[in-house]
Every structure is written in structure tokens, then in C-alpha cells.
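Q: Just so you know, the sequences run in chain order A and B. Counting in this note's numbering, the first sequence runs from 1 upward without gaps. Counting in this note's numbering, the second sequence runs from 214 upward without gaps. The structure's right below; bear with me while I get my questions together.
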Amino acid sequence: MPEAQPAFQFVDLRQQQQTAQLGMWTFIATEVLFFGGLILAYCVYRTGNPDGFAEAARHTKIVIGAINTGVLLTSSFLVAWAVTVARLRQSGIASVLLWLAALLGLGFLALKGIEYAIEYHEHLVPALNFAYGGPNAASVYLFFCFYFIATGLHALHVAIGIVVLAVIGRQARRGLYSDRYHAPATVAALYWHFVDVVWVFLFALIYLPGRAS
Amino acid sequence: MKNWQPPRELLVSWLALLALLGLTVLCAYQPLGAVNTGLALAIATGKSLIVAAVFMELRRSSALMIAFAAAGLFWLGIMFWLALSDYLTRTSPYAS
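Structure follows, in C-alpha cells:
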């Protein structure tokens with residue numbers, strides 16, 4: 001591979017790399033506010049309906065949720081590892097690690113799909129087939145509205161991330177990255193880690209409430 | 214260290230994250246009342262800090278990078294502060 005050159009507006013590759021990273025962090029800041037707004041709405045409704053939200057949360061599938069958290073944390077680890085080996089010009093290993101991480105992302109989506117199917121069969125999907133009795137039915141409905149919107153938007157982010165990781169993996173295989181030039185890999189990794197962090201909070205808010213009562 | 218092996222800090226962080234995941238599930242089943250929610254969010258914050266500091270390399274980043282990373286949280290904090298200082302101080306959350 002020919003040595004990578006900076007784009008014309010940059011003094012050197014280091015400056016280009018830092019600019020790319022700042023850009024991704026700026027994008028992540030908008031994403032923090034995007035998911036943060038959803039979580040704020042959740043907090044408001046949960047403080048208003050504590051019993052209903054605890055009851056609803058007990059209907060979520062904590063085993064699938066916990067496995068999926070482990071899957072995303074592991075794929076994040078693989079991506080971080082891939083970036084370090086890509087910088088050492090271990091192209092083959094870097095690409096395998098990135099593709100493995102993308103595969104774990106696919107596994108996450110598959111488990112999420114199974115979860116949605118179970119919830120559909122339990123008549124917990126608002127606007128589609130929601131049927132739930134008892135005094136807290138309205139709060140349970142609200143909870144599942146939040147659940148499907150938040151996890152659906154998160155799943156969309158995972159799906160985009162899988163494509164990005166697959167492309168970066170292919171670039172790595174072609175030996176495009178080195179210690180001097182690895183901005184695309186670093187920036188893609190930042191995005192994937194962010195998607196992981198969002199899930200960590202969704203897991204705590206969706207699956208864990210109401211388990212002890 | 215062979216140059217394909219994961220750096221020790223990544224490996225340790227990954228194991229710590231999985232341990233925290235186990236801990237948070239375990240804690241969720243203990244009847245601690247209101248402490249449960251606080252504990253779950255504290256552990257989630259801890260996990261996020263590990264991901265941000267080690268995986269996202271903020272530990273070794275410049276102050277400018279950290280400022281950019283914190284900007285979203287800063288504005289999110291303002292949004293939570295203003296919204297919750299309204300909702301949490303109402304006698305009924307839905308009172309107009």
C-alpha cells in the first residue's frame with residue numbers, strides 16, 4: 001500500500017486524525033441529547049408511576065437482556081483491541097476482530113428479535129396488540145411505549161454500526177491502516193463504544209427495576 | 214507481548230465490565246427499596262466510565278477532546294435539571 005497522505009486542508013495526518021475524532025465526539029454529543037431526551041421522558045413517567053413501571057419491567061426478558069449486554073460489551077472490547085493491532089499493522093488480525101465484533105452485533109439483533117417476538121405473543125406491543133389487565137395497565141402501556149421506541153432506535157444504531165464495522169474490517173484487511181493513519185478505524189470504534197454505553201443505561205432502566213419486589 | 218495480543222488494560226477493562234454486569238443483575242434482586250435504582254444507575258455510570266476512559270481512549274486524550282466529549286453531558290445535565298426541578302417538585306406529577 002502507498003503511504004497515506006493527509007487531505008489538502010490538514011498540515012499532517014495527526015491533525016487530520018484529531019479533527020476526525022473531534023467531529024465524531026461532536027456527533028456523539030448530539031446523540032447523547034437524542035437518547036437523553038428519551039431517558040428524561042422515562043424518568044418523568046417513572047416517578048409518576050413507580051408501581052406500574054416496576055410491574056412492567058418485570059415482564060421484560062432479563063436473561064436475554066443480560067446476555068445482550070455481555071455481547072455488546074465483548075464486541076466493544078474486540079473493536080478496541082482491533083484498533084490497537086491495526087496501528088501495529090496487523091491487518092489480518094484487525095479485520096478478523098472487527099468482523100467478529102460485527103457478528104456479535106448481528107447476534108445482539110437476533111436476540112432482540114426473539115425478545116420482540118416473545119413480547120408480541122404476550123400481547124405487550126402498544127398500538128399493535130397490547131392487552132393487559134389490572135390497575136396499572138395504563139402505566140404498563142407507557143413503559144412498553146418507551147421500551148419499544150428506545151430499544152428500536154438503539155437497534156437501528158446497532159444495525160448501522162454493523163455495516164460500518166464490516167466496511168472498516170475490509171479496509172483493515174487491505175492494509176490501509178498504520179500507526180500514522182487509522183482515523184476511520186478510531187472514529188468507527190468511538191461510535192460503536194457509544195452505542196454500547198447507551199445500551200448499558202437502557203439495560204439498567206428497562207430490565208432491572210422491580211425485580212426484588 | 215506479541216503484537217497481536219490485546220493490551221492488558223483492555224483485557225482487564227473487559228473482565229471488569231462483565232463482572233459489573235453480573236453485580237448489577239445480582240443487586241437488582243436484593244430488596245433494597247429505593248436504593249436499587251440508585252445502585253443500578255451507579256453501576257451503569259461506572260461501566261460507562263470504563264468504556265469512555267479505556268476503550269474510547271479518553272484517558273490519553275487532550276483536554277480539548279475531553280471537553281468535546283463532556284459537552285453533550287453538560288447540556289443534557291441542564292435539560293435534566295430544568296425538567297426535573299419542575300416535575301419532581303409538583304405535588305402530583307400530572308397536576309396542571
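Backbone N, C-alpha and C fix where the C-beta goes; we use that ideal spot for every residue, glycine too.
Just tell me which of A:169, A:29, A:104 and A:92 has its CA closest to the CA of residue 284 of chain B.
A: Measuring from the Cα of residue 284 of chain B, the nearest candidate turns out to be A:29.
Q: Chain B beta carbons: is any one of them nearer than 9 angstroms to that of residue 43 of chain A?
A: With 9 angstroms as the cut-off, residue 43 of chain A counts as an interface residue toward chain B.
Q: Quick check on DSSP: helix, strand or coil for residue 168 of chain B?
A: An answer regarding residue 168 of chain B cannot be provided, because it is not within the stretch 214 to 309 covered by chain B.
Q: Is there at least one Cβ from chain B nearer than 9 angstroms to residue 51 of chain A's Cβ?
A: No, its Cβ sits nowhere closer than 9 angstroms to a Cβ of chain B.
Q: Can you tell which of A:147, A:130 and A:102 has its C-alpha closest to the C-alpha of residue 73 of chain A?
A: Residue A:102 is the option with its Cα nearest to residue 73 of chain A.
Q: Less than 9 angstroms between the beta carbons of residue 164 of chain A and residue 144 of chain A, yes or no?
A: No, the Cβ-Cβ distance between residue 164 of chain A and residue 144 of chain A is not below 9 angstroms.
Q: Below 8 angstroms, how does it come out for the region 113 to 127 of chain A and the region 216 to 231 of chain B: are there three or more Cβ pairs, yes or no?
A: Result no; under three Cβ-Cβ pairs closer than 8 angstroms.
Q: Mind the definition here: the region 80 to 98 of chain A touches the region 141 to 157 of chain A only if three or more C-beta pairs lie below 8 angstroms; say whether that holds.
A: With the cut-off at 8 angstroms, the region 80 to 98 of chain A and the region 141 to 157 of chain A do not touch.
Q: Is DSSP giving residue 196 of chain A helix, strand or coil here?
A: In this structure, residue 196 of chain A counts as helix in the three-state DSSP scheme.
Q: Starting from the C-beta of residue 56 of chain A, find all residues in its chain whose C-beta is less than 6 angstroms away, skip the five residues before and the five after it, and write them out in chain order.
A: The answer, listed in chain order, is 140 and 143.
Q: Take residue 158 of chain A as the anchor and find which of A:170, A:114, A:207 and A:104 has the nearest alpha-carbon.
A: Ranking the options by Cα distance to residue 158 of chain A, first place goes to A:104.
Q: Would you mind working out which of A:13, A:170 and A:16 sits nearest residue 97 of chain A, comparing C-alpha positions?
A: Closest option to residue 97 of chain A, Cα to Cα, is A:170.
Q: Flag this pair as yes or no: are the beta carbons of residue 20 of chain A and residue 184 of chain A separated by less than 9 angstroms?
A: Cβ distance < 9 angstroms, so residue 20 of chain A and residue 184 of chain A count as in contact.
Q: Can you have a look at residue 8 of chain A and say buried or exposed, based on whether 16 or more other CB atoms are within 10 angstroms of its CB?
A: Exposed, by the Cβ-count rule.
Q: Between residue 207 of chain A and chain B, is any beta-carbon pair separated by less than 9 angstroms?
A: With 9 angstroms as the cut-off, residue 207 of chain A counts as an interface residue toward chain B.
Q: Using a Cβ-Cβ cutoff of less than 8 angstroms, which residues in the same chain neighbour residue 38 of chain A once the five nearest sequence positions on both sides are dropped?
A: So the qualifying residues of the chain are 146, 149, 150 and 153.
Q: Taking all protein chains shown into account, do 16 or more other C-beta atoms lie within 10 angstroms of the C-beta of residue 243 of chain B, making it buried, or fewer, making it exposed?
A: Classification for residue 243 of chain B: exposed.
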